[in-house]
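Peer 1:
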Amino acid sequence: MKLPRLRLPASPIENSLEGRAFVFSGFAVAVLAVVLYGEDYVVPAVGVGVAAVGHVVSYRERAGKRGLGRQILLASLVFASLGYFLADSVGAFFGGVLPQANFAILLVAVTSFDLKTRRNCYSSLWISLAILYLAAVYAWDYPFGVLLGLWTLCLAGFWAASHLRRMGAPVAVPVPAVATALVGALALGLIAFVVIPQPSIDPNGPVVVSLPNYVGFKGELENPALPLIQLSGDPSGATGTLDLHYRGRLGDAPVMYVRSGAPAYWRGLVFDTYHDGVWTASNRGFATLQPYVPSRLLPPAPPHNLGTFVQVFRVLRPLPGVISAAYPLQSLYAPVSSLRVDAYGTFRTPDLLRPGQTYSAVSYLPNLSPEELRQDPYVFNPPDANPAYLDYSSLSDRALALAEEVTLDYSSNQFDLVMALTSYLQQNFQYTQQLGHVPAGRDPVDWFLFDAKKGYCEQFATAEVLMLRGLGIPARLATGYATGDYNPVLNQSVVREHDAHAWVEVWFQNHGWVPFDPTPGVPGLAATTFPNHWAGGGIARLIPHLTIGAPMAVLGSLGALAVVPPAVVIALLVTLLWAWMRTWRRRAVAARRLPPGESELLRLYERVQRRLGRRRAPPETPLEYWLAHTARPEGERVPLEELTDAVNEGAYAGRWPDPARVRELAKRLS
Amino acid sequence: MASEQRELEPRRAAELLGRIEKNVHHVIVGKDRVVRLAAAGLVAGGHVLLQDLPGTGKTMLARALATSVGGAFRRIQCTPDLLPSDITGSSIFNQKDASFEFVAGPIFANIVLADEVNRATPRTQSALLEAMGEGQVTIEGITRTLEKPFFVIATQNPTEFHGTYPLPESQLDRFILAAEMGPPTDAEAIEILARREHGDPIGELGSVVSLADVLELQEGCLRVVSGPAIRTYIVSLLDAIRVRPEVSLPASMRSGVYLQRAAQAWALFEGRDFVLPDDIKLLAVPVLAHRLGMRGRAQASELVEQVVATVPLPPLRQH
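Those protein sequence lines, which keep their order, are chains A and B.
In terms of numbering that gives the first Met the number 0, the first sequence opens at residue 0 and continues consecutively.
In terms of numbering that gives the first Met the number 0, the second sequence opens at residue 0 and continues consecutively.
#1: Given this structure, state the Cα-to-Cα distance separating Arg61 of chain A from Ala39 of chain B, to the nearest angstrom.
#2: Compare the C-beta of Ser598 of chain A with all C-beta atoms of chain B and state if any pair is closer than 9 angstroms.
#3: From which residue to which residue does the beta strand (DSSP E) around Phe268 of chain B run?
#4: Taking C-beta pairs closer than 8 angstroms, name the residues in chain B that Pro617 of chain A reaches, listed in chain order.
#5: According to the neighbour-count rule (16 or more other Cβ atoms, all chains shown, within 10 Å of its Cβ), is Leu210 of chain A buried or exposed?
#6: Rounded to whole angstroms, how far is the Cβ of Gly53 of chain A from the Cβ of Ser111 of chain A, which I believe are closer than 8 angstroms?
#7: Return the Cβ separation of Ser393 of chain A and Leu465 of chain A in integer angstroms, given the expectation that the two are a contact with Cβ distance under 8 angstroms.
#8: How is the alpha helix (DSSP H) around Ala460 of chain A delimited, first residue to last?
#9: Can you give me the Cβ contacts of Gly17 of chain B inside the same chain, cut-off strictly under 7 angstroms, excluding the 5 residues immediately before and after it?
#10: Tell me the DSSP secondary structure of Tyr423 of chain A in three-state form.
#11: Between Gly536 of chain A and the rest of its own chain, which residues show a CB-CB distance below 8 angstroms, the 5 nearest in sequence each way excluded?
#12: Taking DSSP as the reference, what is the three-state secondary structure of Ser715 of chain A?
#13: At the level of alpha carbons, what is the spacing between Ile104 of chain A and Phe26 of chain A?
#14: Could you name the residues that DSSP lists as bridge partners for Asp341 of chain A?
#15: Any contact between the stretch 19-31 of chain B and the stretch 184-200 of chain B? By contact I mean 3 or more CB pairs, one from each, below 8 angstroms.
#16: Name the one or two DSSP bridge partners that Met293 of chain B has.
#17: Applying a beta-carbon distance threshold of less than 8 angstroms, which residues of chain A neighbour Gly226 of chain B?
#18: Could you tell me whether the stretch 285-299 of chain B touches the stretch 248-265 of chain B, where touching means 3 or more Cβ pairs closer than 8 angstroms?
#19: Express the C-alpha separation of Leu85 of chain A and Gly48 of chain A in angstroms, rounding to a whole number.
#20: Does DSSP classify Thr184 of chain B as helix, strand or coil?
#21: Quick one: what's got a C-beta closer than 7 angstroms to Pro313 of chain B's C-beta in the same chain, skipping five residues either side?
#22: Quick check on this structure: which residue in A:Gly276, A:Pro632, A:Glu38, A:Leu114 has the alpha carbon closest to the alpha carbon of Ala439 of chain A?
#23: Within 10 Å of its beta-carbon, does Leu338 of chain A have 16 or more other beta-carbons around it, so buried, or fewer, so exposed?
#24: Whose CA, out of A:Pro595, A:Arg609, A:Trp150, lies closest to the CA of Arg661 of chain A?
#25: Would you give the residue range spanned by the beta strand (DSSP E) that Asp114 of chain B belongs to?
#26: Run through DSSP, which three-state label would Gly479 of chain A get?
#27: Can you name the residues of chain B whose CB is closer than 8 angstroms to the CB of Leu601 of chain A?
#28: Residues in the same chain with beta-carbon distance under 7 angstroms from Ala65 of chain B, minus the five sequence neighbours each way, listed in chain order, please.
#29: What residues from chain B crowd round Thr622 of chain A, counting only those whose CB sits closer than 9 angstroms?
#30: Any beta carbon from chain B within less than 9 angstroms of Tyr213 of chain A's own beta carbon?
#31: For Val646 of chain A and chain B, any beta-carbon pair shorter than 9 angstroms?
#32: Could you tell me whether the Cβ atoms of Gly483 of chain A and Pro327 of chain A are closer together than 9 angstroms?
#33: Roughly how far, in whole angstroms, is the beta-carbon of Ile126 of chain A from the beta-carbon of Val109 of chain A, given that I think they are within contact range, below 8 angstroms?
#34: Taking any Cβ of chain A, which residues in the stretch 286-312 of chain B have a Cβ under 9 angstroms from it, in chain order?
#35: Which two residues bound the contiguous alpha helix (DSSP H) that contains Gly649 of chain A?
#36: Please specify which runs of the beta strand (DSSP E), each continuous and at least 3 residues long, are wholly inside the stretch 351-393 of chain A, giving them in chain order.
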């Protein structure tokens, strides 16, 4: 038996030079996006250069036959690219920022030597689109839309150039059509801008940062928190300290991958004692636990919590043996010989965390809405009877006076007071990565508040902790990592060195330690309060978390420019609707031209065949089918003759019966 | 009104053809199919080849058909010494007028019976070609048109016989269809004997339709609808034959045209003004089999039957 060969229909050889230029430009646009947003340069540069040569080669040799040797070479290059991709994405051997995008770039570069037909060119364009998509993972800003528009232009240009060339017509820009489209889109956008209500967001409004937001979060936060923890003696980092006098540089290298049901800060060490610019933990006590920590061994669930969510951490760099996770924990599992929980609730592993190590945690989503927190009274006794939480001996007098002045009008409840101080720090101090050393003999907090007026997150956090303590509110310093860059392709966040962060935890009577983040550079966003509701329902796992609320916030931050994206979208929708209506109308007209009764009759014929239990065989004529039927015993026979005649007359003479006649036939047969 | 005329005409055609068939059956017992095939060849404006053993009634059928139609009937008894001019005619010197005078050969007739055509030499056979193909003959440089209708009905003995020259493929291709008489059944044989008891009934036969009727039938045949589905079906049949490995000489495009024309004629016999795939199926063997070149011992008719039984019809739905 001969098996049928599966083959794609032939595609014409692409002879249009302009078309090929558009294909290359589309690729260049995609690579530009990778360069801009991935901040990766080597592979994109190599890729563009190789692709340019490849396009020249394939244009010159478009009419020739594909040589076996070259096909083998190209195939092996594709596999080499795949090897690179695996090495970079699994092992991060090349420090890959966007290994998927780099793989796609190499793929385009290799295959550009083999762009013979129109279909080949389209394939190249689609891979460019895929590269754009991968770059979009890192791009949540408006200019990305421009890149996407450019790519679309390249696609349209290729389509037009290819077809014009095929028709033997010159390539020219249809000025009136383009002008009409532009003016129409702008007009529609203006109308939309007037009609659609704008989102009202107060960028500096006080926000409880139990969850970060993503709008301005493009990785420029370089918070030298964690590497400053001095590891001494205990390799687990249990005796870590944090020195504000000294800062190190933090790079872009990934530290860990987090797959999480909700975005959160991943908390590590907590410090309660501040002295002379150095944070330490006063309580060195710990308890040893099994690697699996069930909820009964952990503090009770916070009241009115919104549920739980799961996080899985995968370590990429050697890290101190501290379990970073969203707190409060519901349960924890880490594949180590045993776990220790310190006096502050942070879990430690006996050794350093090694690359490849994985642990998972289930955390509560506490309900930290302002309404909830406002109901908590002032607390004056430090939790765990630890006086360190209220110790502000390092705070200068003028700093304390400043704290009292700032919070003077907000002393009605603890939450408002904390928020007042947080907002004050956010609004009046500047976040910077370029901070010199603290002058010798100066207290870092005092220097920050009154001289430098700018600093890193731990300056902000330390200042707020001490000021709160000065006001009689128990507070402590929390360190760890921000959420990282969420990658919807991998469905996980990539936490990098520069995501290391420090923030404040404040003790509330009924809610325990509540995180606040005084560091500016993360404008408040109302939308960030609702993802936790989604996460509580488990729905967030199904959708890319970072898009929640982000588009509206982007629109809001754009101001008048926000006209353009909705205008483009509306123009696109209108065009699609119009095209759909036109197709629909044409179909309707065509349907009216259909011979009446054809569908009805053939449907009836099909129905009768089904009822008789034997379908007409493909080589069997309707007459033969009828004759075969008359061979049946009398009782089973059906008066098929008339129907057969009608079918024959319709199918072979083009004279279909009236629908009324078909109904009559159907009645007689039933 | 137009549609009424279209409905009326096939009925009249069927009536005329019924008369011819009935008349032929006065002398031919049974053999309904062969009789109808021969008549269909006439209506389709083609030429028919009858082949079988001697004494199976080939000549009788041809004569009966010719008689029924009326018009000029001539018979050419083919022998190895028959010359082309014996068919077409030649110029003879008239001593009285001292000039050459053209004496028409037997080809100048409405119905020509070429009996035992494969006993003539290839040279003589090819003289028939031009006449059959173009309806004209060229003698001594002068082209003479044959009167319409012009219908050649040739009989042939099986090629294994002594003293036969197999017909060239080009000439076989010019016959619209070929039919085999086949032996009579016992009942038919008894009936034949009964009819011949008191002489040959062919002498009593008269014409039942006029030449004008035949021309009208031929025109009517051209108006029979052969729909797109039928055309698709014919092409898929020819394609299916072409790909068979046993076939050395596949069916030509002319055979496809003939198949459609024969089916149009066949539809008239049933009073239809459109072709059914059943007509195609029925006519595939008579129209196609005789012109296929086969390898080895493969039988063309069996192959065509297999193809007809397996090739799927085009879908009934056309929109």
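Ideal Cβ positions, reconstructed from N, Cα and C, are used throughout, including at glycine.
Peer 2: On the basis of the supplied data:
#1: Here residue 61 of chain A is taken as the residue at index 62 of the first sequence, counted from 1. Here residue 39 of chain B is taken as the residue at index 40 of the second sequence, counted from 1. Cα-Cα distance, rounded: 57 angstroms.
#2: Position 599 of the first sequence, counted from the start, is the residue given in the question as residue 598 of chain A. At least one chain B Cβ lies under 9 angstroms of Ser598 of chain A.
#3: As a working note, residue 268 of chain B is residue 269 in the second sequence. Run containing Phe268 of chain B: none in the beta strand (DSSP E); it sits in the alpha helix (DSSP H), 252-268.
#4: The residue labelled residue 617 of chain A in the question sits at position 618 within the first sequence. Correct list: Pro311, Leu312.
#5: If you number the first sequence from 1, residue 210 of chain A lands on position 211. Confidence at Leu210 of chain A is low in this model, with a pLDDT of 32, below 50, so its placement is unreliable and the value that follows should be read with caution. The residue in question, Leu210 of chain A, is buried, as its Cβ has 16 or more Cβ neighbours within 10 Å.
#6: Here residue 53 of chain A is taken as the residue at index 54 of the first sequence, counted from 1. Here residue 111 of chain A is taken as the residue at index 112 of the first sequence, counted from 1. Confirmed, about 3 angstroms.
#7: The residue labelled residue 393 of chain A in the question sits at position 394 within the first sequence. The residue labelled residue 465 of chain A in the question sits at position 466 within the first sequence. With 8 angstroms as the limit, Ser393 of chain A and Leu465 of chain A qualify as a contact, their Cβ atoms being about 6 angstroms apart.
#8: Position 461 of the first sequence, counted from the start, is the residue given in the question as residue 460 of chain A. 456-469 is the extent of the alpha helix (DSSP H) around Ala460 of chain A.
#9: What you label residue 17 of chain B is simply residue 18 of the second sequence in a count that begins at 1. Cβ within range, chain order: n/a, list empty.
#10: If you number the first sequence from 1, residue 423 of chain A lands on position 424. Reduced to three states, the DSSP call for Tyr423 of chain A is helix.
#11: Translated into the one-based positions of the first sequence, residue 536 of chain A becomes position 537. Reliability of the predicted coordinates at Gly536 of chain A is poor, the pLDDT of 33 falling under 50, and the value obtained from them is presented with this limitation in mind. Result list for Gly536 of chain A: Gly306, in chain order.
#12: Outside the shown range of chain A (0 to 669) lies residue 715 of chain A, about which nothing can therefore be said.
#13: On the first sequence, position 105 is the one that residue 104 of chain A refers to. On the first sequence, position 27 is the one that residue 26 of chain A refers to. Whole-angstrom Cα-Cα distance: 8 angstroms.
#14: The count along the first sequence starts at 1 and reaches residue 341 of chain A at position 342. Per DSSP, A:Phe285.
#15: yes
#16: Here residue 293 of chain B is taken as the residue at index 294 of the second sequence, counted from 1. B:Val246.
#17: Counting from one through the second sequence, the residue named residue 226 of chain B turns up at place 227. Within 8 angstroms Cβ-Cβ: Ala650, Tyr651, Ala652, Gly653.
#18: yes
#19: For the purposes of this step, residue 48 of chain A is identified with residue 49 of the first sequence, where counting begins at 1. For the purposes of this step, residue 85 of chain A is identified with residue 86 of the first sequence, where counting begins at 1. In a straight line, the C-alpha of Gly48 of chain A is about 23 angstroms away from that of Leu85 of chain A.
#20: Looking up residue 184 of chain B in the second sequence gives position 185. Note: Thr184 of chain B maps to coil in three-state DSSP.
#21: Here residue 313 of chain B refers to the residue found at position 314 of the second sequence. Result list for Pro313 of chain B: Ala228, Thr231, Tyr232, in chain order.
#22: In the first sequence, counting from the first residue as 1, residue 439 of chain A sits at position 440. The shortest C-alpha separation from Ala439 of chain A is found at A:Gly276.
#23: Position 339 of the first sequence, counted from the first residue, corresponds to residue 338 of chain A. Leu338 of chain A should be labelled buried.
#24: One-based indexing of the first sequence puts residue 661 of chain A at position 662. The amino acid occupying residue 661 of chain A in the given sequence is Val; Arg does not appear at that position. When each option's Cα is compared against that of Val661 of chain A, the closest is A:Pro595.
#25: Within the second sequence, residue 114 of chain B is the residue found at index 115, counting from 1. Run containing Asp114 of chain B: 110-114, per the beta strand (DSSP E) assignment.
#26: Within the first sequence, numbered from 1, the residue matching residue 479 of chain A stands at position 480. Strand, per DSSP.
#27: Locating residue 601 of chain A in the first sequence gives position 602, where the first residue counts as 1. Within 8 angstroms Cβ-Cβ: Leu315, Arg316.
#28: As a working mapping, residue 65 of chain B is identified with position 66 in the second sequence. For Ala65 of chain B, where only same-chain residues beyond five positions count, the Cβ hits under 7 angstroms are Phe72, Ile110, Leu112.
#29: As a first step, residue 622 of chain A is located in the first sequence; it is residue number 623 there, counting from the start. The displayed chain sequence assigns Leu, not Thr, to residue 622 of chain A. By Cβ distance, chain B contributes Leu275, Pro276, Asp277.
#30: Against the first sequence, residue 213 of chain A aligns to sequence position 214. Unreliable positioning characterises Tyr213 of chain A in this predicted model, as indicated by a pLDDT of 30, which lies under 50. The coordinate reading is nonetheless provided below. Taking Cβ atoms only, chain B never reaches closer than 9 angstroms to Tyr213 of chain A, which makes this a no.
#31: Translated into the one-based positions of the first sequence, residue 646 of chain A becomes position 647. Yes, contact with chain B.
#32: Indexing the first sequence from 1 puts residue 483 of chain A at position 484. Indexing the first sequence from 1 puts residue 327 of chain A at position 328. Not closer than 9 angstroms, so no.
#33: For the purposes of this step, residue 126 of chain A is taken as the residue at position 127 of the first sequence. For the purposes of this step, residue 109 of chain A is taken as the residue at position 110 of the first sequence. So it is not a contact: roughly 11 angstroms between Cβ atoms.
#34: Val307, Ala308, Thr309, Val310, Pro311, Leu312
#35: Position 650 of the first sequence, counting from 1, holds the residue named residue 649 of chain A. Counting along the chain, the alpha helix (DSSP H) containing Gly649 of chain A begins and ends at 640-652.
#36: 357-363
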